[in-house]
Amino acid sequence: MSNSSPQIVHTPFDRKTRFKSILGGSAGNLVEWYDWYVYAAFTLYFAPVFFPEGNETVKLLQAAAVFALGFLMRPIGAWIMGIYADRKGRKAGLTLSVSLMCVGSLMIACAPTYDAAGMLAPAILLFARLLQGLSVGGEYGSSATYLTEMAGKNHRGFFSSFQYVTLISGQLIALCVLIILQHTLSEDALHAWGWRIPFLIGAMLAIVVFWIRRGLVETQSSKEAQEQAKQGGPKSGAIELFTKHPKAAFTVIMLTAGGTLAFNTFTTYLQKYLVNTSGFDKSTATEITTAAIFIFMLIQPAVGALSDKIGRKPIMIAFGICGVLFTVPIFNRLGTTTDATTAFWLCMSGMVIVTGYTAINAVVKAELFPPHIRALGVALPYAIANTIFGGTAELIALSFKNAGHESYFFYYITFMIGLSLITYVFMKDTKKHSLITDH
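1 is the number of the first residue of the sequence shown in this note's numbering; add one for each residue after it.
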């Protein structure tokens, strides 16, 4: 590359532009994750429609297997769309991901039942879920990178925490839709056709977000990376990632492993645990989970802002230590309680601990990579860890329960959080060593 290449001069975004862009990016992220979590929220109702054979736990296992297979597409989506977002821009990546999610949700909403189409029914469900996995795999890296780059130097922790605010909001809205349908439709209607409604809502919202994202401004880092690539600079790619940035990529995998397992357990699997183990009815379990997740969502920005003051590392270490010490006691007590208030506080305590990971993991990952490979660097190693540990959480939990050793799962979570804790202890604090130069 010629040393005489003109330098790129960027004018910092004003507060209004930053706010509008972060709001637009976050709104799309909310819809993406609503569509993703609707599947988990309504599994109890549609599992018999697609998998009619076996007892209740076996049906949930089959549906959880499809959920886990959706996670298998996330590394592929992260790889393809991470490169796309690095080379074509964060805005382009965000627009493509929400388009794929729309198609997947619409397919599930219109899918035939097993009684009507036989094995074609679960095949359509699986294909749609794989498509959604492809979408979410690209969404995480694009949105985490976009929000972090757009936030500005002094508020990256705070604004990047809105990725999980909207991620949790998507899950919360999915649960709220479930509660509304549980109170307006009969149990038979929900099992027969009511479960299709939330998927249709998701598809319609995705169309709206598509147009919102087309109007977003591009980040300075992305523009600079694209310009440097045109002048012969480095380009995003998987080989480039793992050969030129192996330490950062491995760090993302390890810091994600325990966090994503804990997050998926305390949010996605918890509803099933309250029904299948604690003995609560479906409506009560949903209400307990929804209330806890609502508060969980609200505390994300506070922890993100705290990381802007004291650094990212102390907060991640706090998550690791508390996760190792309290995960097993929380679940053991939760499995024996019959009191809804006690169950709520136990769920809430676990989620408060997990906030040490969720609120700041996006900014930590983005700060590890240079702009030309940032979206891929955030997305692909995260997706690998999330597929192996997060996507299989329900499947492993239900498998242990089906085998009569449910408590083994809690020790597994504790062990994985412990491995992540080791990473937190030895890594640099990315707030002090950030590779993001946007101001």
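Virtual Cβ for every residue (Gly too), placed ideally from N, Cα, C.
- Annotation for ASP115: the continuous alpha helix (DSSP H) segment containing it runs 114-117.
- The residue among THR358, LYS282 and ALA285 with its C-alpha nearest the C-alpha of ILE317 is THR358.
- Taking the Cα positions, THR284 is about 44 Å away from ASP86.
- Nearest to ALA68 by alpha-carbon distance, out of TYR412, THR43, GLY141 and LYS91, is THR43.
- Looking only at ALA302, ARG312, PRO314 and CYS347, the smallest Cα-Cα distance to TYR273 is reached by CYS347.
- For GLN271, the closest C-alpha among the options TYR114, LEU147, CYS110 and GLU394 is that of GLU394.
- By the C-beta density criterion, ILE295 is exposed, having fewer than 16 other C-beta atoms within 10 angstroms.
- In the same chain as GLY304, and ignoring 5 residues on each side of it, the C-beta atoms closer than 7 Å to its own belong to GLY157, PHE158, SER160, SER161, ALA359 and ILE360, in chain order.
- The continuous alpha helix (DSSP H) containing MET316 extends over residues 313-334.
- Looking from the CA of ARG213, the closest CA among LEU96, PRO371, VAL378 and THR437 belongs to LEU96.
- Counting only unbroken stretches of 4 or more residues, the alpha helix (DSSP H) elements lying wholly within the region 250-307 are 270-273 and 282-298, in sequence order.
- Proximity of the region 100-110 to the region 189-208 meets the contact definition, three or more beta-carbon pairs being nearer than 8 Å.
- Its chain contains GLY141, ALA375, LEU376, ALA379 and LEU380 as the residues whose beta carbon lies nearer than 6 Å to that of GLY82, once the 5 sequence neighbours on both sides are disregarded; these appear in chain order.
- Contact between SER236 and ILE373 holds: CB atoms are separated by about 5 Å, below the 8 Å threshold.
- Across the structure, ILE288 and THR437 are spaced so that their CA atoms are roughly 42 Å apart.
- Counting the other Cβ atoms within 10 Å of the Cβ of THR256 gives 16 or more, which makes it buried.
- Taken atom to atom, the span from the alpha-carbon of ASP281 to that of LEU175 is near 15 Å.
- The beta-carbon distance between ALA248 and LEU72, rounded to whole angstroms, is 24 Å. This is too long to meet the 8 Å contact definition.
- Counting along the chain, PHE127 sits inside the alpha helix (DSSP H) bounded by residues 120-151.
- Comparing C-alpha distances from MET416 to each of THR336, ALA144, MET427 and VAL328 shows the shortest one belongs to VAL328.
- In this structure, DSSP gives ALA92 a helical state, which the three-state scheme calls helix.
- For a cut-off of 8 Å, the C-beta gap from ARG90 to GLY137 is around 15 Å, too long to register as a contact.
- Within the model, the alpha-carbon separation for ALA123 versus GLN132 is close to 14 Å.
- Assignment of alpha helix (DSSP H) within the region 351-390, counting only whole runs of 4 or more residues, yields 361-366 and 374-385 in chain order.
- The C-alpha of ASP429 is placed about 8 Å away from the C-alpha of PRO314.
- Secondary structure note for ASP429: it is in no alpha helix (DSSP H), with a DSSP letter that is neither H nor E.
- Excluding five sequence positions before and after HIS245, the CB atoms of its chain that fall closer than 7 Å to its own CB belong to PHE369, ILE373 and GLY377, given in chain order.
- Of the candidates GLY93, LEU125, ILE207 and VAL324, VAL324 places its Cα closest to the Cα of GLY418.
- If you draw a straight line from the Cα of LYS153 to the Cα of TRP195, it comes to about 44 Å.
- The beta-carbon distance between SER420 and MET254, rounded to whole angstroms, is 6 Å. This is short enough to meet the 8 Å contact definition.
- When secondary structure is reduced to three states using DSSP, VAL217 falls in the coil class, being assigned neither helix nor strand.
- Rounded to whole angstroms, ILE207 and LEU94 show a C-alpha spacing of 13 Å.
- Nearest neighbour of ILE179 by Cα position, chosen from TYR45, MET297, ALA229 and ASP308, turns out to be TYR45.
- Between VAL66 and LEU134, the C-beta gap is not smaller than 8 Å, which leaves the two residues out of contact.
- Burial of LYS365 is indicated by the presence of at least 16 other C-beta atoms within 10 angstroms of its C-beta.
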